[in-house]
Amino acid sequence: MKSKTALLFSALVCAVAARAASIAFVDVTVLPMDSERTLAHHTVVVDGDRIVQVGPNSDVKIPADAQRIDGRGKFLIPGLGEMHGHNPPLGSAQSYVETIYFLFVANGVTTVRGMLGWPGQLELRDKVKSGEILGPSLYLAGPSFTGTGANAVLSPTAAETRVRQQKAEGWDLLKVHPGLKREVYDAMAKTADEVGIRFAGHIPADVGLVHAMEKRQETVDHLDGYIEVLKADTAPVDRAKLAEIVKLTHDTGTAVVPTMPLWETIIGAADPQVIYAYPELAYLPTSVVNGWKASYERRLGNPNFNRTRAAQIATNRKVVLKALNDGGVTILFGTDAPQEFSVPGFSIHREMQANVAAGLTPYEVLRSATKNVGENLGPRAKDKFGLVATGHRADLVLLTADPLADIGNVAKRAGVMVRGRWLSEVDIQTRLAKIAAERK
Ligand SMILES: [Zn+2]
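Following my numbering, the numbering of the sequence shown begins with 91 at its first residue and continues without gaps.
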């Protein structure tokens with residue numbers, strides 16, 4: 091039996107261990123992301139999982155015991171959000187799940203909206219939150235509302251029951267998949283409004299983009315619903331029709347998650363020589379990568395595949411994204427990782443380049459991955475994140491070059507902080523090398 095002194099001592103040790111010492115980023119250029127501005131020669135102090143001070147070097151009081159990170163010549167941005175991400179499939183080994191989470195964090199992704207639920211995910215969400223597993227904060231859609239397969243929702247009553255069940259279980263939102271009949275969708279939407287949960291994802295063909303927005307679907311993911319409603323698969327986009335649908339999107343408060351490179355793969359517009367050579371494929375099991383290649387080969391080899399049509403859709407998607415952005419629609423950053431050639435975390439750099447290629451500015455792209463994410467998910471989670479600001483969750487990325495000058499600089503990291511836990515770039519590269527070396 092332990093003596094009273096020993097018990098008291100261990101209680102003290104626990105109290106100290108539970109409270110992480112503060113960390114200060116000293117003399118750094120901050121991109122707070124509340125507006126397009128940079129704050130040179132600033133210091134940011136983090137205590138536990140919160141940002142507690144942001145100010146000019148001379149105004150900030152750094153606690154004596156704080157760990158100091160030299161920010162000279164560097165840029166501090168909020169951690170990034172992946173608004174259409176996935177957990178590995180049901181039944182994946184815990185070590186694989188942890189690898190996927192690490193790949194996100196290693197690239198500065200500190201928040202993931204998981205877009206397909208399965209049993210056990212809510213427990214993973216809680217383990218990440220408590221720090222038991224290192225990973226991005228998770229906000230999870232429940233098992234899908236789909237019109238096909240074994241788990242199809244085929245009647246309004248079934249939809250209502252499933253909405254109530256997912257709300258009671260604690261899912262953060264509902265996932266809409268193709269194939270839902272309109273009456274089933276409407277019952278889902280009505281019950282979701284009643285119980286206070288949002289729904290997001292695909293646009294079922296029987297529902298259509300306009301009806302989904304009128305029912306206040308929270309996000310329209312992948313933009314394919316726009317190509318469909320604009321009939322923009324074989325000809326350039328009709329500008330008048332586009333302006334109309336952009337206005338409706340804006341006026342209904344619908345946000346979009348573009349997932350540009352992913353969709354080029356889905357429609358067969360990506361160059362196989364390019365995507366097969368992505369260096370980041372080295373971090374995923376060869377069976378996964380080979381599966382992606384085989385499915386892409388099947389797509390290109392399908393007798394109905396039309397290369398010209400695929401290229402036209404890819405071109406039109408950029409036009410649609412630019413118009414949505416310029417029309418004041420909220421863009422939420424997402425890449426659909428891990429899915430066909432979207433490797434968790436690494437895919438964000440390709441998505442950012444694609445968004446800039448569509449005509450968004452680096453600031454607009456960064457905003458879609460920071461401020462917009464926090465504004466969408468924060469209130470329902472009763473949390474604050476997405477800005478470098480006092481009171482916000484300490485999710486930060488330290489860069490060695492200015493991302494507003496070149497969005498590619500988001501890949502030039504000095505380290506990542508996730509909920510107050512600091513990973514230097516050396517730590518990150520060490521673990522990445524281990525993942526690549528041990529992959530099967
Ligand atoms: Zn997806």
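From the three backbone atoms N, C-alpha and C, an ideal C-beta is built for every residue, glycine too. Treat the numbers as computed from the prediction; the structure is a model and nothing was measured.
| request: Any chance you could list the beta strand (DSSP E) runs of at least 3 consecutive residues sitting entirely within the region 131–196, in chain order? | output: 140–146, 157–160, 165–168, 170–175
| For Leu228, the three-state DSSP class (helix, strand or coil) | strand
| Trp208 (DSSP reduced to helix, strand or coil) | coil
| query | Sorry if obvious, but does the Cβ on Met205 come closer than 8 Å to a heavy atom of ligand 1? | reply | yes
| request: Please name the residue, chosen from Val478, Val218, Leu477, that lies closest to Val187 on a Cα-to-Cα basis. | output: Val218
| said: Between which residues of its own chain and Ile365 is the CB-CB distance below 8 Å, once the five residues before and five after are set aside? | reply: Thr355, Tyr386, Phe431
| Same chain, Cβ closer than 7 Å to Gly358, neighbours up to 5 away in sequence not counted | Arg389, Leu390, Phe395, Ala400
| task | Compare the beta carbon distance of Leu414 and Val336 with 9 Å and say whether it is the shorter of the two. | result | yes
| field | Unbroken alpha helix (DSSP H) run spanning Arg503, endpoints | value | No alpha helix (DSSP H) contains Arg503, which is instead part of the beta strand (DSSP E) from 503–508.
| field | For Ala111, the three-state DSSP class (helix, strand or coil) | value | coil
| query | Which parts of the region 432–485 are runs of the beta strand (DSSP E), unbroken and 3 residues or longer, counting only runs that do not cross its ends? | reply | none
| message | Checking 9 Å against the spacing of the C-beta atoms, do Ile152 and Thr133 come in under that value? | response | yes
| field | Stretch-stretch touch, CB-based, cutoff 8 Å, three pairs: the region 345–352 with the region 434–445 | value | yes
| query | Does at least one heavy atom of ligand 1 sit under 8 Å from the Cβ of Gln429? | reply | yes
| query | Since Ile421 sits in a beta bridge, which residues does DSSP pair it with? | reply | Val346
| query | Leaving out the 5 sequence neighbours to the left and right, which residues in its chain are closer than 8 Å to Val410 when beta-carbon positions are compared? | reply | Leu313, Tyr316, Ile317, Leu320, Ala322, Val327, Leu332
| message | Using 9 Å as the threshold, is the C-beta distance between Thr342 and Met278 below it? | response | no
| task | With a 10 Å radius around its C-beta and 16 neighbouring C-beta atoms as the bar for buried, classify Pro122 as buried or exposed. | result | buried
| request: Report the option in Lys474, Lys408, Lys271 whose CA atom is closest to the CA atom of Arg509. | output: Lys474
| said: Taking the beta carbon of Lys271 as the centre, do at least 16 other beta carbons fall within 10 Å, making it buried, or is it exposed? | reply: buried
| request: Indicate whether Phe235 and Leu264 have their beta-carbon atoms separated by less than 9 Å. | output: yes
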